[in-house]
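Structure record follows, encoded as structure tokens.
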């Protein structure tokens, strides 16, 4: 968070608006606190670290409250001939920060229970280094919270890295698990390549405009030297790559299924929601704020990307075999690729629309719905994984008989993802995305999406139907010994379910972002 | 008929739509003390009867309070903003077109709940069954009561999940496949429909059906209307169902439990045809005019195809399933409804709406009867039932046989019963379609459809001959005749069939002014 290209010494001494930067800062500070505290906390009291992290994330989420309604900027250049800020807390920022921090909070709740189970399972031998786990989770959340507030390309890339680097470690953290390390390596290598490409793009853009501030870039791009035109175009296109990678857009998606399966379940949930939020908020910032004059470059690119992403994701999800190990997580992984496609549709539509802010608002609305519902689905998957560690789709057969609440809630989440009543919020979120596409004249994309929605309905419904089917060959009266009540996990499931149901009753709460200005 | 203040009417309509939903949630909760009944199962089934009964009473009161002097006016209207971001409003209201369908839905669901109370279909717990029936009712009633395009879509989709589970969990053989086919066909159609609805909403700037109908398509260019009618029409045609998109229907009906079949044929199919009348006719008249001849052609093919399929199933040795046969007859009957709509003339549309109601009553009754027959004999296979020379139901269970014969002749359109008027008016409409449609084409359609009525008569009489008649042998086991609860569930349907047949003006008086206004533009 440095003021880039500071013109004079005087501007190095800045007044910092601490309230504005509180959300990512609190997360980062708590991360350090947990890392240090890990050294002093006894082996059997490691749970304290988890609860500290949860409290920290809750505090960070609450620190968003005083920022509501105002637009605050900090790390600004005042002495320059123009005003440009590196950090802005506007409506867009707050919404994404809320999504990230609340999502991380739910992830933390899931992690508490899975860490505890892992501890009990191995008779005290810790499969996860807990202090490091919490440190990495919080750091990544801090980076993800910083990203939507960044208003210059350097901060944006730094935030992207802060959000991603701990995530690699989180994926590979499971000690003695080869699949986990494989996944981490795959994730790491592909992500580093993507970020490098983005940096190259940023440098091209910098070369042609001479500034890194997004608003300055936007004005700079309108009168680029004719000789640099191709360079700029390449820069614009390459900058998108790193963010597209984080959203898991095709063709940058191949890491997803193996990484999700290899990672601990809460981390997979984290990547599927917060990882994507990082990607698409970065995309929105660079496309809508920095490169509006190059809409003819990124618009078609993103539209094609969206169409490809949803088709590949949904078709792959459709082909999952129910009896294969981890097929439930695999299905969620592929479906999240498909959902990423829907998230990209309004951003692509922003290129063609008269009011790009309104279009990207649809992405925000959809993302909020998706975050609640997908985290909920992962939470139920985590619940099921406690008794059925293989997490196959066929393990969900007859879930209604053994855990009616979990089955009903999972059914609701899946129908939300599918966009079918009673998942009303899912339906209307899809409607806003559709309308963004139709409004921008991207009729073909709307039709592709419609086909995809039907494909997705097929596998979501099949899973839902499985929940209520009678169990095969097993005595229903069998007591489940390993199944103990787990507070944090139940809280996570209940919280996401309550959010989902409340949003279904009052969709306006999230859909209003699709009709108002964001920046 | 009776004077009820507008605010009470509003409350009644809101209650009718939301009541079943609350009832569905309540059905899943444990019964409160004092209402536990003999067993949890009995208590929840009774709960279903109570809720659907209350909704029926509310619907009847609403019908009584309805201003019959001005059936073209939207009454009991509620208009609350729900999602300003999308411009979605909770806009409810009824007029002469929706009121009969609303009452029919409430009636059929109540009769189904009553029937299930005594004769629960085989399957898992009745708790979920009752909850699903209530959600289904709420979705259907909402479809007929809402006046907002997106809300209409929501209500339209709401019935899918309950119906899917009703077929997949409480159905007969091949139920899983049939349920899948049902839901996939309908979903494919409805996603396309959503795009059409969005196109209309975004191009005209409002999703409000009243405003759009008043506009009468003036705010939409012809090309937009054509695309929208094509997209929405496909979604509605799948539901209706229109040939060649009907193939989910016979499977779904054959596999569904009796109650599911009754509701599917009685009310769910009507949602499709209602959409044509309520949305496409007034909102996109130009687009509708473009497609009307095609719609009529498909409808007529459906009439002939349905009848021929039935004739084939009714043949000796064809292993025809009675439920499947009635399902195919539905394709034929709905063909008449679609033909009436395609004429775009007041006569034709009135006929379509009348045939809608008549089909709901008669086919509902027929599915009840066949279900009862299947319960008693264990099969609905026509060959097994009638063996070589006929089943002689008249001898074995005279009342059941009589009712079946009654249902059959009502279905073939005997004058004096409900089935007659709708189809006759639809044919009349085709004789003189709206001014700018090709009359010769419609005359051809009319004459082909008339052949269809003959074919319908043929297969229905064959069914009666094979099932009801036959040599009665004294040693043949007698079947249980109509039981008390069956009598209770079927009498209203019989009575209304006769009433609608003898006094069609009661229904046409409601629909006609509304249809006139609808076609002329404006629904105020």
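Residue numbers (our numbering), protein chains in the order written: chain V, 70 to 588; chain Y, 275 to 798.
Yeah, the Cβ is synthetic: ideal placement off N, Cα and C, and Gly gets one too.
Return the first residue and the last residue of the beta strand (DSSP E) that residue i is part of.
i              : result
residue 356(Y) : 349 to 357
residue 236(V) : That residue, residue 236(V), is in no beta strand (DSSP E); its alpha helix (DSSP H) goes 222 to 240.
residue 154(V) : 153 to 158
Would you mind telling me which residues of chain Y sit closer than 7 Å to residue i, beta carbon to beta carbon, in chain order?
i              : result
residue 421(V) : Within 7 Å Cβ-Cβ: nothing; residue 421(V) doesn't reach chain Y, min ~14 Å.
residue 464(V) : Simply none; closest approach about 20 Å.
residue 526(V) : 461
residue 418(V) : Those within 7 Å of residue 418(V) in chain Y number zero; the least Cβ separation is about 12 Å.
residue 536(V) : Simply none; closest approach about 11 Å.
Name the chain V residues whose beta carbon is nearer than 7 Å to that of residue i?
i              : result
residue 387(Y) : Ordered by position in chain V, no residue passes the 7 Å Cβ test against residue 387(Y), which lies about 21 Å from the chain.
residue 457(Y) : 530
residue 424(Y) : 500
residue 465(Y) : 519, 522 and 523
Name the two residues that bound the continuous alpha helix (DSSP H) containing residue i.
i              : result
residue 579(Y) : 559 to 588
residue 759(Y) : 758 to 776
residue 379(Y) : 372 to 392
residue 256(V) : 247 to 278
residue 598(Y) : 596 to 617
residue 593(V) : Because residue 593(V) is not part of the residues shown, which for chain V are 70 to 588, the question remains open.
residue 515(V) : 512 to 536
residue 435(V) : 425 to 454
residue 470(Y) : 449 to 478
residue 120(V) : 116 to 131
residue 383(V) : 364 to 387
residue 787(Y) : 779 to 794
residue 697(Y) : 692 to 705
residue 109(V) : 87 to 109
residue 328(V) : 325 to 331
residue 583(V) : Segment: none, residue 583(V) is in no alpha helix (DSSP H) and carries neither H nor E.
Identify the contact partners of residue i in chain Y, using a Cβ-Cβ distance below 8 Å as the criterion.
i              : result
residue 577(V) : 356, 357, 358 and 359
residue 504(V) : 360, 472, 475 and 476
residue 583(V) : 359 and 360
Identify the contact partners of residue i in chain V, using a Cβ-Cβ distance below 9 Å as the criterion.
i              : result
residue 447(Y) : Chain V residues near residue 447(Y): none, gap ~17 Å exceeds 9 Å.
residue 325(Y) : By Cβ distance, chain V contributes nothing, its closest Cβ being about 18 Å from residue 325(Y), past 9 Å.
residue 428(Y) : 490, 493, 496 and 497
In the DSSP assignment, what are the bridge partners of residue i?
i              : result
residue 362(Y) : 357(Y)
residue 219(V) : 156(V)
residue 555(V) : Note: residue 555(V) sits in no beta bridge, so no partner.
residue 739(Y) : Answer by DSSP bridge pairing: none, since residue 739(Y) is not bridged.
residue 141(V) : 158(V)
residue 282(V) : 221(V)
residue 420(Y) : 366(Y)
residue 146(V) : 153(V)
residue 482(Y) : 422(Y)
For a contact meaning CB atoms closer than 8 Å, what does residue i contact in chain V?
i              : result
residue 807(Y) : Nothing about residue 807(Y) can be reported from this structure: the residues present for chain Y run from 275 to 798 only.
residue 469(Y) : 503, 507, 515, 516 and 519
Would you say the beta carbon of residue i is closer than 6 Å to some non-hydrogen atom of the ligand PLP?
i              : result
residue 242(V) : Inclusion of the ligand PLP in the displayed structure is not the case, the ligand content being empty and no account of it being possible.
Would you say the stretch 196 to 205 of chain V touches the stretch 139 to 159 of chain V, given that touching needs at least three Cβ pairs under 8 Å? No, they do not touch.
Count Cβ pairs between the stretch 546 to 561 of chain Y and the stretch 643 to 658 of chain Y that sit closer than 8 Å; are there 3 or more? Touching, no.
Three Cβ pairs or more, each shorter than 8 Å: is that satisfied between the stretch 468 to 477 of chain Y and the stretch 528 to 539 of chain Y? No: fewer than three Cβ pairs fall under 8 Å.
Looking at C-beta atoms only, is the number of pairs between the stretch 290 to 303 of chain V and the stretch 251 to 266 of chain V that lie closer than 8 Å three or more? A contact between stretches requires three or more CB pairs, one per stretch, nearer than 8 Å, and the stretch 290 to 303 of chain V fails this requirement with the stretch 251 to 266 of chain V.
Could you tell me whether the stretch 701 to 718 of chain Y touches the stretch 611 to 626 of chain Y, where touching means 3 or more Cβ pairs closer than 8 Å? The stretch 701 to 718 of chain Y vs the stretch 611 to 626 of chain Y: in contact.
When the Cβ atoms of the stretch 396 to 411 of chain Y are set against those of the stretch 430 to 440 of chain Y, are three or more pairs found closer than 8 Å? Between the stretch 396 to 411 of chain Y and the stretch 430 to 440 of chain Y, the count of C-beta pairs closer than 8 Å reaches three or more; the two stretches touch.
Contact between the stretch 438 to 454 of chain V and the stretch 507 to 527 of chain V is defined here as three or more beta-carbon pairs at a separation below 8 Å; is this criterion met? Because the criterion of three Cβ pairs below 8 Å is not met, the stretch 438 to 454 of chain V and the stretch 507 to 527 of chain V do not touch.
With a cut-off of 8 Å, do at least 3 Cβ pairs link the stretch 274 to 282 of chain V to the stretch 371 to 389 of chain V? Contact between the stretch 274 to 282 of chain V and the stretch 371 to 389 of chain V is absent: fewer than three C-beta pairs spanning the two stretches fall below 8 Å.
For the 8 Å Cβ check, are there 3 or more pairs between the stretch 413 to 427 of chain V and the stretch 481 to 490 of chain V? No, the stretch 413 to 427 of chain V does not touch the stretch 481 to 490 of chain V.
Pairs of beta-carbons, one from the stretch 556 to 568 of chain Y and one from the stretch 598 to 606 of chain Y, closer than 8 Å: are there three or more? Below 8 Å, too few C-beta pairs join the stretch 556 to 568 of chain Y and the stretch 598 to 606 of chain Y to call them touching: fewer than three.
Could you give the uninterrupted runs of the alpha helix (DSSP H) lying entirely in the stretch 623 to 676 of chain Y, keeping only those of 4 residues or more? Listed in chain order, the alpha helix (DSSP H) elements of length 4 or more contained wholly in the stretch 623 to 676 of chain Y are 656 to 660 and 667 to 670.
Would you be able to state if there are at least three C-beta pairs under 8 Å between the stretch 373 to 382 of chain Y and the stretch 628 to 643 of chain Y? Because the criterion of three Cβ pairs below 8 Å is met, the stretch 628 to 643 of chain Y and the stretch 373 to 382 of chain Y touch.
Can we say the stretch 395 to 404 of chain Y touches the stretch 340 to 356 of chain Y, given the rule of at least three CB pairs closer than 8 Å? Contact between the stretch 395 to 404 of chain Y and the stretch 340 to 356 of chain Y is absent, because fewer than three Cβ pairs lie under 8 Å.
Any 3 or more C-beta pairs closer than 8 Å across the stretch 453 to 471 of chain V and the stretch 378 to 396 of chain V: Segments in contact, yes.
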